[in-house]
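Since the structure comes first, as structure tokens, the remarks are kept for the end.
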Amino acid sequence: MSDFHLDNPNVLGNFEQILQGYQDVLIESNNVVRPPALWILCGNFSQKPFIFDGPNISFYQSLFSKLAVSFSKFSLVTEHIHLIFVPGPNDPWDSTMLPRQALPASIVKPLLHSTSQIPSGHLHFGSNPCRIRWMSQEIVIFRENLASKMCRNVIEALKDPTIAADEEDIDITKFLVQTILDQAHLSPFPITVSPVLWEHDQALRLYPMPTALVLADSYPAYTLTYEGCHVFNPGSFGIGSRPVWANYHVATRTSEQSELSV
């Protein structure tokens, strides 16, 4: 899930509907049918950018307190799942430099309290990007508005007047995925556009190519496989009239788009 805006009341309400659905299935199946083992929640976790001051720190703490309350209602689900939180470009500590650090403990401490009903060791706060190793598979998660950044910085080729406009259109998602995987780097932009912390540049490299690449973006959801790497954008859970997300199936190495009817 991406754009998990905790300051949007609809987000927590919709998320609780999903948790309730899994809890109902657990009860009906007598704990035989279980929810997905790993849930990844990507920022931004607020609709407004983080500003480093006391009120904003308290505001973020209150957001994660609300999330802790939501989790506390569904202890049957939380005992079976692991949660990874990946910060967005506007989350603490807000920075234009890549890679980004994990959410600070001072912000997320309400989730660490026992009242959240999340077992110890089931909460993980990843950097951006972060990598998950599952058996022989490597899954890379990156939260960045790459599609819009690519569109702003693309060099437009001269148009051939003999080619119809609809035949000349480029699929921006395929172009984006090809650019990233062919260059084996998550930030194929000049440093003036996307600054990089050079001592941590290896965190942005994609060699060898991962099994799956999650490009969490505010851009509409998409899925494609390029050179054996399954790439998908789960879409925005907190933006738009209907929350969307994606499920990745490790057995088949494919993803499935999901949508909640509200």
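Numbering follows my numbering, in which position 252 of the sequence shown is assigned residue number 252; successive positions increment by one, without gaps. No residue lacks a Cβ here, since even glycine has one placed at the ideal position from N, Cα and C.
- Annotated three-state conformation of S258 is strand, per DSSP.
- About 13 Å separates the beta carbons of H230 and L206, which is beyond the 8 Å limit, so they are not a contact pair.
- With contact defined as three or more Cβ pairs closer than 8 Å, the region 115-134 and the region 71-86 are in contact.
- Taking C-alpha positions only, P220 is separated from S236 by approximately 7 Å.
- Following the DSSP letters along the chain, one finds L103 in no alpha helix (DSSP H), marked with neither H nor E.
- When secondary structure is reduced to three states using DSSP, N8 falls in the coil class, being assigned neither helix nor strand.
- Beta-carbon to beta-carbon, H80 and P35 are separated by about 6 Å, close enough to satisfy the 8 Å threshold.
- For I180, the enclosing alpha helix (DSSP H) has its first and last residue at 172-183.
- Taking R100 as the centre and dropping the five residues before and after it, the same chain places the C-beta of P87, S127, N128 closer than 7 Å to its C-beta, in chain order.
- For A216 against C42, the beta-carbon gap comes to about 4 Å, under 8 Å, which counts as contact.
- If you draw a straight line from the Cα of S187 to the Cα of Y226, it is about 18 Å long.
- In this structure, M97 lies away from P190, with their beta-carbon atoms at least 8 Å apart.
- In the DSSP assignment, the residues bridged to E138 are R133.
- At the C-beta level, I40 and I180 stay beyond 8 Å of one another.
- A Cβ-Cβ separation of about 5 Å places H5 in contact with Q47 under the 8 Å criterion.
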